[in-house]
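In the numbering used here, the protein residues as written are 776 to 829. We treat Cβ as the ideally placed atom computed from N, Cα and C, and that holds for glycine. As the structure is a prediction and not an experimental result, all values here were calculated from the model. Comments concern the structure below.
So, in structure tokens, the structure goes:
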């Protein structure tokens, strides 16, 4: 089976969900079938991009 390709918008929505929701990162990752480490990589990337724009 081929790995899923996530768009930037999808990644951003998942990261935002983790930042805004009262769910744990583990729950969000299970719902979207991604690993915790992938979630944290995406989060760090988006937060770093935000710092560069500020």
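>> Taking 7 Å as the threshold (beta carbon to beta carbon), is residue 779 in contact with chain D?
In response: Judged by its chain identifiers, the structure shown contains no chain D, having just a single protein chain.
>> Once DSSP output is grouped into helix, strand and coil, what is the label at residue 796?
In response: Looking up residue 796 in the chain shown gives position 21. Of the three classes helix, strand and coil, the one that applies to residue 796 here is coil, per DSSP.
> For residue 799, which of 785, 815 and 787 has the nearest alpha-carbon?
Replying inline: The residue labelled residue 799 in the question sits at position 24 within the chain shown. Checking every option, the nearest Cα to that of residue 799 belongs to 815.
> What is the rounded straight-line gap between the Cα of residue 820 and the Cα of residue 778?
Replying inline: Here residue 820 refers to the residue found at position 45 when the chain shown is read from its first residue. Here residue 778 refers to the residue found at position 3 when the chain shown is read from its first residue. Distance between the alpha carbons of residue 820 and residue 778 is about 20 Å.
>> Can you give me the C-alpha to C-alpha distance between residue 787 and residue 822, rounded to a whole angstrom?
In response: The residue you call residue 787 lines up with position 12 of the chain shown. The residue you call residue 822 lines up with position 47 of the chain shown. Rounded to the nearest angstrom, the two C-alpha atoms are 10 Å apart.
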